[in-house]
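Each residue of the sequence shown is one higher than the one before, counting from 1 in the UniProt record's numbering. Idealized CB from N, CA, C, for every residue including glycine.
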Amino acid sequence: MAHVPHISIAIVVITLSFITVVHAAEKDVQEATASSTLIERFNGYRIPAALYEKIIETLKPMNISLPEFLTPAYYKDFIREANDEIKGATGVDAYHIINTAIHWFSSIVTFLREILQKI
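Structure follows, in structure tokens:
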């Protein structure tokens with residue numbers, strides 16, 4: 001179960017990085033949002049094209065790459081292992097909660113992969 005703290009830290013770091021970039025770009029994009037077209041990204045949600053371009057512009061100099069372990073197969077194993085540990089320690093079946101959290105994280109990772117391919 002040594003993987004759980006490692007992946008948990010990775011989830012938090014990548015999610016916070018993504019939120020920070022979006023928050024930083026938000027102010028710059030507010031004026032352009034009214035006139036910009038919306039593009040469908042991030043699990044079907046529509047975001048301003050200007051915000052999408054600002055995220056790419058912000059991430060480009062960072063030379064970010066996503067680890068190969070962030071794959072659906074790894075998520076499935078992680079969910080099972082994490083749920084087994086939580087269930088063993090507390091008696092609570094947390095599969096649905098963990099699965100939902102991983103689904104949203106997976107959406108963020110997919111969005112980031114798409115951006116990184118454009119860089």
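Assign residue i to one of two classes, buried (16 or more other C-beta atoms within 10 Å of its C-beta) or exposed (fewer than that).
i, result
"residue 109", "buried"
"residue 113", "exposed"
With a CB to CB cut of under 8 Å and the five nearest residues on each side skipped, what residues in its chain are close to residue i?
i, result
"residue 79", "95, 98, 99 and 102"
"residue 88", "none"
How would you write the range of the alpha helix (DSSP H) that residue i sits in, first residue to last?
i, result
"residue 101", "95 to 118"
Suppose the cutoff is 7 Å on Cβ atoms and the five residues either side in sequence are ignored; what does the same chain contact list for residue i look like?
i, result
"residue 86", "92 and 94"
"residue 90", "none"
"residue 77", "none"
Going along the chain, which residues of its own chain have a beta-carbon closer than 6 Å to the beta-carbon of residue i, five neighbours each way excluded?
i, result
"residue 83", "94, 95 and 98"
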